[in-house]
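These protein sequence lines map, in sequence, to chains A and B. Here the first sequence is numbered in our numbering, starting from 1 and rising by one per residue. Here the second sequence is numbered in our numbering, starting from 427 and rising by one per residue. Where a beta carbon is used, it is the ideal one built from N, C-alpha and C, also for glycine. Just so it is clear, the structure is predicted and the values come from calculations on it, not from any experiment. Here's the structure we're looking at; comments come further down.
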Amino acid sequence: MTRPPVVTGIGVVAPNGLGSVDYWSATCAGISGIRAVERFDAQGYASVLAGEVREKDFKAEERLPGRLLAQTDHMTRLALVAANWALEDAKVEGSTRDALDRGVITASSAGGFEFGQRELQNLWRMGNEYVSAYQSFAWFYAVNTGQISIRHGLKGPSGVVVTDQAGGLDAIAQARRQLRRGSKLILCGGVDGSICPWGWIAQMAGGRVSHSDDPAAAYLPFDDRAAGHVSAEGGAILVLEDAQAAEDRGAPKVYGEIAGYAATFDPQPGTGREPALKRAIVGALADAGVAHDEVDVVFADAAAVPSMDQIEADAIAAVFGVRAVLVTAPKSMTGRMYAGAAALDVAAALLAIRDGLIPPTINVRPARRYPVEVVTALRGPMLVQVAVVIARGQGGFNSVLVVRGPRGNAGRKRETREARYVRQDI
Amino acid sequence: MSDKIFELTDLMRILRAGAGAEQDVDHGGEILDATFDDLGYDSIALLETAGRINREYGVTMDDDALAGCTTLRRIIDRVNAG
């Protein structure tokens with residue numbers, strides 16, 4: 001039987017933490033990265049809050065060579081740094097011999113919009129000779145995959161998926177397909193964001209962005225006060241490896257395995273047919289060979305649009321039972337980062353499994369009409385072995401991924417975990 | 427063509443502004459004869475540089491002219507030839 005692929009490295013860039021260590025400690029502590037927009041003057045727009053990865057924290061110049069800075073949008077810089085961190089975490093050494101066995105598959109929703117807007121403004125104000133030659137790819141949705149591939153010499157099967165927020169999971173699933181076809185390692189996930197006037201207008205046109213100016217009340221999934229989400233940037237890149245290949249190269253750690261996946265598409269609005277999310281959850285569990293009562297936690301899509309929260313809560317309750325499984329949305333601390341969000345949720349699920357901690361959904365007072373148990377304060381330490389991650393993309397995309405802890409060390413892990421928390425208590 | 431003489435410092439300024447700082451490599455002495463490859467610049471960096479030279483010095487380099495510009499010295503000579 002083919003073993004599921006394993007995650008051996010994680011790179012995170014999030015509004016509430018750079019690097020998986022900082023992100024995870026902030027997330028467990030309930031620290032939010034949602035603030036007033038600083039990237040551009042957002043006063044005068046209906047939405048004024050964002051989950052930004054601020055340049056003053058990120059400091060691109062210290063992390064990337066000048067030649068890459070000249071040709072990249074902010075979100076591509078974030079992706080390049082996340083990819084680098086993931087490879088370092090997995091202790092993957094570059095070698096020409098392996099280049100064709102290693103690929104890159106990322107998700108994207110738009111591309112480098114801030115870069116693109118600047119160059120379009122140059123075109124409009126001054127003429128075509130003032131448009132950067134790098135516009136040819138810097139604003140293109142496939143740019144992150146291309147830049148990561150070039151920088152690290154990963155020449156194996158590569159690609160990009162564009163399914164809005166579902167993309168973060170769809171990219172990991174596409175990586176899994178390529179591993180089944182014989183690749184050994186795929187760098188996958190998503191880092192996204194377009195916090196600039198052009199991106200802002202496009203996102204607000206979708207009608208799902210919160211107009212609140214209170215960071216503590218702007219993004220409240222499963223709450224009666226829910227009125228849309230906060231737009232954000234960031235995401236995660238994972239090193240996904242064939243389990244045998246990871247063993248053969250002596251990968252230093254395994255966070256867990258990608259045990260199952262399914263994707264469905266919603267019926268056309270107005271047909272009265274059932275939303276397809278439940279079918280995606282059932283399909284992913286079946287693919288993983290996991291029973292519903294083996295799941296320890298569900299990372300929700302958490303749209304914070306009442307009708308969509310209802311659909312998600314009903315689907316979760318239909319599969320797992322009413323308030324029978326813990327549900328959380330750490331993206332309440334970051335905002336929704338489109339193609340980056342679900343990849344970050346997968347990273348959070350793997351860290352939850354590692355540490356036996358379930359991060360909270362902050363600021364939310366769960367409404368009774370949603371038949372789910374929303375975690376509003378950190379839970380654990382407890383044994384977390386199986387997590388389900390749900391992501392939906394605008395237009396009807398539903399994707400569900402099942403993540404399972406590394407095999408064969410549950411007992412040992414529990415001991416280490418308890419030891420760790422004893423130390424922390426002191 | 428303007429009356430300005432196009433010098434190495436001008437080219438380096440334009441290159442860095444358009445394509446970022448050069449790769450820190452040992453180019454064997456004379457930077458003028460280092461290739462774009464040596465300095466870590468690709469063909470798009472060359473294209474971007476040609477665009478900026480055109481804006482500033484009014485010298486147009488077509489694709490054939492650009493293809494011949496493999497070193498900094500060749501670009502400088504090409505620009506000064508008008």
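Below-8 Å beta-carbon distance, residue i vs any chain A residue
i: Glu474 of chain B; result: yes
i: Ala460 of chain B; result: no
i: Tyr483 of chain B; result: no
i: Ile470 of chain B; result: yes
i: Gly444 of chain B; result: yes
i: Asn506 of chain B; result: no
i: Ala493 of chain B; result: no
i: Asp489 of chain B; result: no
Cβ distance (whole Å) where residue i is taken to contact residue j below 8 Å
i: Thr145 of chain A; j: Val160 of chain A; result: 5 Å
i: Ile172 of chain A; j: Leu240 of chain A; result: 7 Å
i: Gly450 of chain A; j: Ala14 of chain A; result: Absent from the structure is residue 450 of chain A, since the part of chain A shown begins at 1 and ends at 426.
i: Val402 of chain A; j: Val386 of chain A; result: 7 Å
i: Ala82 of chain A; j: Val191 of chain A; result: 5 Å
i: Glu52 of chain A; j: Glu62 of chain A; result: Not a contact, Cβ separation roughly 18 Å.
i: Asp266 of chain A; j: Gly396 of chain A; result: 4 Å
i: Asn480 of chain B; j: Ile431 of chain B; result: With 8 Å as the limit, Asn480 of chain B and Ile431 of chain B do not qualify as a contact, their Cβ atoms being about 17 Å apart.
Proximity below 8 Å, CB of residue i to CB of residue j
i: Glu373 of chain A; j: Gly477 of chain B; result: no
i: Phe115 of chain A; j: Trp139 of chain A; result: yes
i: Gly167 of chain A; j: Ser108 of chain A; result: yes
i: Gly11 of chain A; j: Ala236 of chain A; result: yes
i: Ile316 of chain A; j: Val325 of chain A; result: yes
i: Val319 of chain A; j: His292 of chain A; result: yes
i: Lys184 of chain A; j: Asp101 of chain A; result: yes
i: Val364 of chain A; j: Asp223 of chain A; result: yes
i: Thr475 of chain B; j: Gly444 of chain B; result: yes
i: Gln147 of chain A; j: Tyr338 of chain A; result: no
i: Val104 of chain A; j: Leu154 of chain A; result: yes
i: Pro359 of chain A; j: Pro330 of chain A; result: yes
i: Leu238 of chain A; j: Gly9 of chain A; result: yes
i: Ser210 of chain A; j: His229 of chain A; result: yes
i: Ala352 of chain A; j: Val297 of chain A; result: yes
i: Ala243 of chain A; j: Val6 of chain A; result: yes
i: Asp314 of chain A; j: Pro371 of chain A; result: yes
i: Ala471 of chain B; j: Leu498 of chain B; result: no
i: Phe113 of chain A; j: Ser194 of chain A; result: yes
i: Leu64 of chain A; j: Arg77 of chain A; result: yes
i: Ala259 of chain A; j: Arg404 of chain A; result: yes
Below-8 Å beta-carbon distance, residue i vs any chain B residue
i: Ser194 of chain A; result: no
i: Ala133 of chain A; result: yes
i: Glu119 of chain A; result: no
i: Leu78 of chain A; result: no
i: Arg67 of chain A; result: yes
i: Glu62 of chain A; result: no
i: Tyr130 of chain A; result: yes
i: Ala70 of chain A; result: yes
i: Ser136 of chain A; result: yes
i: Ala419 of chain A; result: Here the model assigns Ala419 of chain A a pLDDT of 41, short of 50, so the residue's position is not dependable, and the following value carries that caveat. By this cut-off, Ala419 of chain A is not an interface position.
i: Val7 of chain A; result: no
Residues bridged to residue i (per DSSP)
i: Ala391 of chain A; result: A:Ser399
i: Pro371 of chain A; result: Paired residues: none, contrary to the question.
i: Ile358 of chain A; result: A:Arg379
i: Asp223 of chain A; result: A:Pro366
i: Leu49 of chain A; result: A:Ala36
i: Ile10 of chain A; result: A:Leu238
i: Leu427 of chain A; result: Because chain A spans 1 through 426 in this model, residue 427 of chain A falls outside it and cannot be assessed.
i: Gly159 of chain A; result: A:Ile105
i: Arg336 of chain A; result: A:Ser231
i: Val386 of chain A; result: A:Arg404
i: Thr409 of chain B; result: Residue 409 of chain B is absent from the structure shown; chain B starts at 427 and stops at 508.
i: Gly165 of chain A; result: Position check: residue 165 of chain A holds Gln in this sequence, whereas Gly was assumed. A:Thr163.
Jot down the residue ranges of each uninterrupted alpha helix (DSSP H) in the region 97–156 of chain A, minimum 4 residues, whole runs only, in chain order. If we require 4 residues or more, the alpha helix (DSSP H) runs fully inside the region 97–156 of chain A come out as 113–126, 135–138 and 143–152.
Within the region 226–273 of chain A, note down every full beta strand (DSSP E) run reaching 3 residues or more, in order along the chain. As far as the region 226–273 of chain A is concerned, its whole beta strand (DSSP E) runs of at least 3 residues are 234–241 and 256–265.
Minimum length 3: unbroken beta strand (DSSP E) runs contained in the region 15–45 of chain A: If we require 3 residues or more, the beta strand (DSSP E) runs fully inside the region 15–45 of chain A come out as 34–36.
Return the chain-ordered ranges of every alpha helix (DSSP H) run that is complete within the region 174–216 of chain A and spans a minimum of 4 residues. Considered as a whole, the region 174–216 of chain A harbours 197–205 as its complete alpha helix (DSSP H) runs of no fewer than 4 residues, in chain order.
Restricting to runs no shorter than 3 residues, where is the beta strand (DSSP E) found entirely within the region 435–488 of chain B? Here no run is fully enclosed.
Could you name each continuous alpha helix (DSSP H) segment of 4 residues or more that falls completely within the region 69–100 of chain A, going from the start of the chain to the end? Within the region 69–100 of chain A, the alpha helix (DSSP H) runs of at least 4 residues that lie entirely inside it are, in chain order, 74–89.
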